[in-house]
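Numbering (my numbering), first residue to last: 4 to 296.
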Ligand SMILES: *[C@@H]1O[C@H](CO)[C@@H](O)[C@H](O)[C@H]1NC(C)=O
Ligand SMILES: *[C@@H]1O[C@H](CO)[C@@H](O)[C@H](O)[C@H]1NC(C)=O
Ligand SMILES: *[C@@H]1O[C@H](CO)[C@@H](O)[C@H](O)[C@H]1NC(C)=O
Ligand SMILES: *[C@@H]1O[C@H](CO)[C@@H](O)[C@H](O)[C@H]1NC(C)=O
Ligand SMILES: *[C@@H]1O[C@H](CO)[C@@H](O)[C@H](O)[C@H]1NC(C)=O
């Protein structure tokens, strides 16, 4: 048995050590509880229900939630979430590392058709602290919700399935997903990235209502050529789902809408099979009809 010259202070130090340990254990379990797939799925399901009903009260919002709709900060109550809509289909992905969730909504049979991509971040109490939506409707980039619905339904089973080929953490996990999505966006204007995008075969892109896969569904029709001008796609915000092997990248896309040289609100959603891109969905919002093109 060890003896101390100051048994009292040893005891205090020990108590402090254990209470600190307990504090950290408490914090750790609270943080991980907020970030299980079950919690994230429940939150994104609540979001879909809230949008369907047009009722914000169905959403677990933090008191000081920040809301961005098409790159404009606004009161969430003033946004599209307050409008009830018929949701024909949805795709959701979950990111337990960032405590984030993503939803794609296709509302084609709604009297006012919409296609919406939404990214949300949760706080430690599992409340939504950040909500960002790219809300597309008629006049936005090659918008056609009927076509979007038709092709999304065809792909849906794949989107909802864990692919046979996974990317294991030993292979880089989420960084592989992020590198694939970034390579795709970089390749649009940087010749150094052309030929380096991990496209699979088949690969199909749904851009607005335009589906590249309608040409040949067993081919890789995703390849983006080099744009005639140089620009950078900035403000990239990610939701990465290693389980479903899918990634969403919100971004500002310059060049397309000449009235928005700083970039127009855009979102790209990717589904991979192993490390190879299988499907891409792009939603881009225009300030002028069809971005003035
Ligand atoms: C979202 O899609 C799932 C099927 O993947 C479905 O069960 C659910 O009802 C859909 N939610 C809404 C609000 O449409
Ligand atoms: C929002 O409120 C939470 C809890 O009160 C606080 O921790 C956080 O810093 C606040 N965030 C902002 C952006 O004010
Ligand atoms: C939208 O897509 C549907 C289904 O592919 C097609 O029938 C319709 O003509 C398209 N609408 C427009 C305005 O292009
Ligand atoms: C479709 O693509 C596959 C794979 O690239 C190819 O083998 C096939 O010949 C193509 N079919 C047509 C009709 O072009
Ligand atoms: C794009 O970003 C790269 C790296 O930050 C920079 O070197 C380049 O000048 C940028 N290009 C344009 C057109 O802004």
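We put the beta carbon where it would ideally sit given N, CA and C, even for glycine.
Would you say the beta carbon of residue i comes nearer than 7 Å to a heavy atom of ligand 5?
| i | result |
| --- | --- |
| residue 235 | yes |
DSSP on residue i, reduced to helix/strand/coil?
| i | result |
| --- | --- |
| residue 232 | coil |
| residue 158 | helix |
| residue 61 | helix |
| residue 80 | helix |
| residue 150 | helix |
| residue 294 | helix |
| residue 212 | coil |
| residue 205 | strand |
| residue 17 | Interpretation of residue 17 is limited by its pLDDT of 42, a score under 50 that renders its predicted location unreliable; the figure taken from the coordinates is listed afterwards. In this structure, residue 17 counts as helix in the three-state DSSP scheme. |
| residue 85 | helix |
| residue 217 | helix |
| residue 223 | strand |
| residue 73 | coil |
Any chance the CB of residue i is under 7 Å from a heavy atom of ligand 3?
| i | result |
| --- | --- |
| residue 135 | no |
| residue 212 | yes |
| residue 261 | no |
| residue 197 | no |
| residue 189 | no |
| residue 207 | no |
| residue 58 | no |
State buried or exposed for residue i, treating a residue as buried only when at least 16 other CB atoms are found within 10 Å of its CB.
| i | result |
| --- | --- |
| residue 71 | buried |
| residue 244 | buried |
| residue 257 | buried |
| residue 251 | buried |
| residue 60 | exposed |
| residue 115 | exposed |
| residue 233 | exposed |
| residue 78 | exposed |
| residue 211 | buried |
| residue 44 | exposed |
| residue 135 | buried |
| residue 128 | exposed |
| residue 288 | buried |
| residue 296 | exposed |
| residue 274 | buried |
| residue 146 | buried |
| residue 58 | exposed |
| residue 107 | buried |
| residue 168 | exposed |
| residue 105 | buried |
| residue 93 | buried |
| residue 73 | buried |
Are there any heavy atoms of ligand 4 lying less than 7 Å away from the beta-carbon of residue i, as far as the coordinates show?
| i | result |
| --- | --- |
| residue 85 | no |
| residue 215 | no |
| residue 290 | no |
| residue 65 | no |
| residue 222 | yes |
| residue 204 | yes |
Tell me where the beta strand (DSSP E) around residue i begins and ends.
| i | result |
| --- | --- |
| residue 44 | Counting along the chain, residue 44 falls outside any beta strand (DSSP E), though it belongs to the alpha helix (DSSP H) covering 40 to 56. |
| residue 281 | 279 to 287 |
| residue 135 | 131 to 139 |
| residue 105 | 103 to 110 |
| residue 128 | No beta strand (DSSP E) contains residue 128, which DSSP labels as neither H nor E. |
| residue 165 | Looking at the DSSP string, residue 165 is not in any beta strand (DSSP E), and its letter there is neither H nor E. |
| residue 114 | Note, residue 114: premise wrong, no beta strand (DSSP E); not H, not E. |
| residue 242 | 237 to 244 |
| residue 91 | Note, residue 91: premise wrong, no beta strand (DSSP E); not H, not E. |
Between which two residues does the alpha helix (DSSP H) carrying residue i extend?
| i | result |
| --- | --- |
| residue 261 | Looking at the DSSP string, residue 261 is not in any alpha helix (DSSP H), and its letter there is neither H nor E. |
| residue 181 | 177 to 189 |
Answer yes or no: the CB of residue i versus the heavy atoms of ligand 1, is any distance below 7 Å?
| i | result |
| --- | --- |
| residue 107 | no |
| residue 55 | yes |
| residue 283 | no |
| residue 52 | yes |
| residue 163 | yes |
| residue 93 | yes |
| residue 119 | no |
| residue 90 | yes |
Mind checking if residue i is an interface residue toward chain C, Cβ cutoff 8 Å exclusive?
| i | result |
| --- | --- |
| residue 161 | Checking the listed chains, one finds no chain C in this structure; it contains a single protein chain. |
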